[in-house]
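Sequences listed follow chains A and B, in order.
For what it's worth, the numbering used here labels the leading residue of the first sequence as 17, then goes sequentially.
For what it's worth, the numbering used here labels the leading residue of the second sequence as 17, then goes sequentially.
For every residue, glycine included, the Cβ atom is placed at its ideal position computed from N, Cα and C.
Protein chains: 2
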Amino acid sequence: MSQHRHPGAPGRAGAVPALPDLPEATVARLPEYLRALHNLADTGHETVSSEGLSAAAGVNSAKLRKDLSHLGSYGTRGVGYDVTLLIEQIENVLGLTQRRAVALVGVGNLGHALAGYNGFAGRGFRIAALLDADPSRVGEEINGLVVRHVDDLPTVAAEESLAIGVIATPAAAAQQVADQLVAVGVTSILNFAPCVLSVPEGVDVRKVDLAIELQILSFHEHRKASLTALPATGGSALTALPGGFAATDTQEAIGT
Amino acid sequence: MSQHRHPGAPGRAGAVPALPDLPEATVARLPEYLRALHNLADTGHETVSSEGLSAAAGVNSAKLRKDLSHLGSYGTRGVGYDVTLLIEQIENVLGLTQRRAVALVGVGNLGHALAGYNGFAGRGFRIAALLDADPSRVGEEINGLVVRHVDDLPTVAAEESLAIGVIATPAAAAQQVADQLVAVGVTSILNFAPCVLSVPEGVDVRKVDLAIELQILSFHEHRKASLTALPATGGSALTALPGGFAATDTQEAIGT
DNA sequence: CGCGATTTGTGCACGTCTTCACAAGCGCCT
DNA sequence: AGGCGCTTGTGAAGACGTGCACAAATCGCG
């Protein structure tokens, strides 16, 4: 379907041309593949089949192949995918070749946790600044970073080239913070506050709401509870088989 | 996907609102509607139109109407929806009429934040237990709860009727914790560890991975960056799109 | 050198989700 | 009572995503 780029002679730009359009669903899965690939690389695997990788990422193998096909033909028939090469390609597509600076606003409970989370460094991100509106929090040092006042955002933006902002404030403050972030040129926002943000066109917002996740689980729990009178007990169906996929579309596969 | 599909009469028709199988996409949006409705109720609104509610929830109004139509006709033509009644109905469908007990495993950085997050109580959940595998953490008191050892899970499960577990451990420990949760009867898991969990059929798993969210944003950032320097293929693709379809399907609407 | 085993890449069909457009219903005003 | 404006609920069409099944491609081996 996609005009697969000719690896030989594009005739135009020599560098890898950006991908015009990748299905959004595919984009959402690429990071998961990337994580699985890093695991494989760390355990010494040089190549991996679509079957193996899809199991590690918790998806259908056909879906994985189709996803990867969207970014070109980087597999070898009869062999599989070169782990290192594939990591390189996915990181390239996701724009992770440069470490991106992230500004974190809101150093409350959750903000503290995010600031202390060491999982960002290895995944392409660097927390460039911690900000808060509460003067009593300014000056506090967390994980080697000093909390600055949110009004210093313009200064921070001048120091760093930051394009991504994370909002971990109460809902009441989130919109104002978003406006401030947008004002200094941030075009991608990860919002942990339980509210809808209004942003100009061209600014991407992703939302993570812990209570919503729980409520979705609650629904399935509720539904399961109202069906408990069925003979589908099955009991010890543990030891998930390679073909096992049961839960929601979230994930379900063999662990590492 | 899940294997539950029961269109035909199960014969076990409940008394009150028999659970219609809702589209998964609808279920994922209901909590957002619920939050918006609570906001409206708090600000004195008695009724709301699909247009108003959809704006507050950041979705298309037609989509909202279709979503709500799946749970019955609770609106009045020419008027809108009764806010209180709709809250009641959605909470009923989501199974939030009873406050659900949640076990939180892993009291590290993130676990601390979750334990201290006060947003659960008002949204239908109660953290019933804090657990950790690290003996040095056991006994610590967080937000009025004492951390217990994860091996006490059976005891906890005996005290409380807990069906939902939250995993906030390092990835290496997540699978074992999941197994322990499943063993004591937990059938819904919210996983914050960056790994795929293998669980038996009938257990729902939802995953939240902060780095993945950032990587998705990074992709769009990358794409936007490469668009500004490319010869426009079909004219400037940054012209206004109808309906405010910014980039992802995340959100885009009026804040409160 | 050719053959079989293996695995990718993809055409196609199917199911799900979204969006439009409009009839049906409701309340209010005259 | 009747008409009018507003809003819901939904049929239909299209966009999107998924999974099967298989041809094409590659490697290893005799």
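Name, going along the chain, the residues of the segment 119-151 of chain B whose beta-carbon falls closer than 9 Å to a beta-carbon of chain A. G124, N125, L126, G127, H128, A129, L130, A131, G132, Y133, N134, G135, F136, G138, R139, G140 and F141
Distance between B:H61 and A:N134 (C-alpha atoms, nearest Å): 44 Å
Looking at C-alpha atoms only, which residue of B:I158, B:E175 and B:R115 is the closest neighbour of B:L130? Closest option to B:L130, Cα to Cα, is B:I158.
B:R115 in three-state terms, based on DSSP: coil
List in chain order: all unbroken beta strand (DSSP E) runs of 3+ residues lying wholly within the segment 214-245 of chain A. 220-223
Beta-bridge partners of B:F141, as assigned by DSSP: The partner list for B:F141 (beta bridge, DSSP) reads B:R116.
B:E237 versus A:R51 - alpha carbon distance: Those two C-alpha atoms are separated by around 20 Å.
Leaving aside the five residues before and after B:L206 along the sequence, list all residues of the same chain whose C-beta is less than 6 Å from its C-beta, in chain order. Same-chain partners within the cutoff: V182 and R222.
According to DSSP, which residues form a beta bridge with B:P207? Note on identity: in this sequence residue 207 of chain B is Asn, with Pro being the wrong assignment. DSSP output for B:N207 lists B:I183 and B:K223 as bridge partner(s).
In the DSSP assignment, the alpha helix (DSSP H) including A:G132 goes from what residue to what residue? Counting along the chain, the alpha helix (DSSP H) containing A:G132 begins and ends at N125 to G132.
Starting from A:V57, find everything on chain B with Cβ-Cβ shorter than 8 Å and list it in chain order. The amino acid at residue 57 of chain A is misidentified as Val; the sequence shows Ala. Those do not exist, as A:A57 stays about 15 Å from chain B at its closest Cβ, beyond 8 Å.
Does B:D220 have its Cβ less than 8 Å from a Cβ in chain A? Judged by the 8 Å Cβ criterion, B:D220 is in contact with chain A.
What is the DSSP secondary structure of B:Y97, reduced to helix, strand or coil? strand
If I follow the unbroken alpha helix (DSSP H) through B:L69, where does it start and stop? S66 to A73
List, in chain order, every chain B residue whose beta-carbon is nearer than 9 Å to that of A:A227. What A:A227 touches in chain B: P47, R51, Y133, G135, F136, G138, R139, G140 and F141.
With distances taken between CB atoms, is the gap from A:L178 to A:R164 smaller than 8 Å? no
Beta-carbon neighbours of B:L110, restricted to chain A and to distances below 9 Å: Q231, I232, S234, F235 and H238
Same chain, Cβ closer than 6 Å to A:I143, five either side skipped, listed in chain order: V118 and L120
is_contact[B:P210, chain A] using C-beta, thresh 8 Å: Closer than 8 Å: yes.
List the whole-angstrom C-beta distance separating A:V224 from B:V224, where the pair is believed to meet the contact cut-off of C-beta under 8 Å. 6 Å
Does A:S204 come within less than 8 Å of chain B when only Cβ atoms are used? yes
Is there a Cβ from chain B that is less than 8 Å from the Cβ of A:A179? yes
6 Å CB neighbourhood of A:A73 in its chain, flanking five on each side removed: For A:A73, the CB contacts under 6 Å within the same chain, skipping 5 residues up- and downstream, are E48, Y49 and A52 in chain order.
Chain A contact residues for B:A73, given Cβ-Cβ distances below 8 Å: The contacting residues are V212.
Have a look at A:T59 and A:A78 and give me their C-alpha separation to the nearest angstrom. Counting only the Cα atoms, A:A78 lies some 24 Å from A:T59.
With a threshold of 8 Å between beta-carbons, can A:A44 be considered close to chain B, or not? With a threshold of 8 Å between beta carbons, A:A44 makes contact with chain B.
Spatial distance of A:H86 from B:K82 (CA atoms): 33 Å
Rank A:V202, A:L38, A:T203 and A:A149 by C-alpha distance to the C-alpha of A:V166 and give the top, closest one. Nearest Cα to A:V166 within the set A:V202, A:L38, A:T203 and A:A149: A:A149.
N- and C-terminal bounds of the alpha helix (DSSP H) containing B:H54: E40 to D58
Comparing the C-beta of A:R116 with each C-beta of chain B, is any distance below 8 Å? Taking Cβ atoms only, chain B reaches closer than 8 Å to A:R116, which makes this a yes.
Rank B:E156, B:G91, B:V200 and B:V75 by C-alpha distance to the C-alpha of B:G122 and give the top, closest one. B:E156
In this structure, does DSSP put B:R164 in helix, strand or coil? strand
Taking 8 Å as the cut-off, does the segment 103-110 of chain B touch the segment 90-100 of chain A (at least 3 CB pairs, one atom from each stretch)? no
Which term fits B:R93, buried or exposed, when burial requires 16 or more other beta carbons within 10 angstroms of its beta carbon? exposed
Suppose the cutoff is 7 Å on Cβ atoms and the five residues either side in sequence are ignored; what does the same chain contact list for A:G201 look like? Once the five neighbours on either side are set aside, the close Cβ partners of A:G201 are A173.
Which of the three DSSP states is assigned to A:E268 in this structure? Because A:E268 sits at a pLDDT of 35, beneath the cut-off of 50, its placement in the model cannot be relied upon, and the following sentence gives the value as read from the coordinates. Reduced to three states, the DSSP call for A:E268 is coil.
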